[in-house]
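Asks: In the working numbering, the protein residues as written are 52 to 155. Have a look at the structure that comes next, please.
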């Protein structure tokens, strides 16, 4: 099964779980929740909490990765600026040396 189809399956399971949760919560509000429904409600709520915790950890990891990449890009940009300045300095030195030879 591909990563995309697994993601679609997880999303469909989440949608089904949330639909069931909405029904069970409505029944709970009316006080007509059966024992089996209460167990299902608990299981689905625990699954949603676990999914939420996994998503939160994933976002934290992705945020840290973005920060690391951002720091690398900034360092690379600084290295480019320094290399260009060195290039310009060397080009000026070569030009001055050439002008000095031409004058001699």
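Even for Gly, the Cβ is constructed at its ideal location relative to N, Cα and C.
Under 8 Å between the Cβ atoms of residue 99 and residue 68?
Replies: Contact flag set, yes.
Asks: Quick one: give me the first and last residue of the alpha helix (DSSP H) that residue 141 is part of.
Replies: Where residue 141 is concerned, the enclosing alpha helix (DSSP H) stretches over 86-154.
Asks: Helix or strand or just coil, what does DSSP make of residue 56?
Replies: In the structure shown, residue 56 sits in a helix (DSSP, three-state: H, G or I).
Asks: For the segment 88-106 against the segment 64-80, do three or more pairs of beta-carbon atoms, one drawn from each stretch, fall closer than 8 Å, so that the two count as touching?
Replies: Touching, per the Cβ criterion.
Asks: Between the alpha carbons of residue 105 and residue 127, how many angstroms are there, rounded?
Replies: If I take the Cα positions, the gap works out to 33 Å.
Asks: Are the CB atoms of residue 65 and residue 102 within a distance shorter than 8 Å?
Replies: Result yes, Cβ atoms of residue 102 and residue 65 sit closer than 8 Å.
Asks: For residue 83, which three-state DSSP category applies?
Replies: Three-state DSSP puts residue 83 in coil, outside helix and strand.
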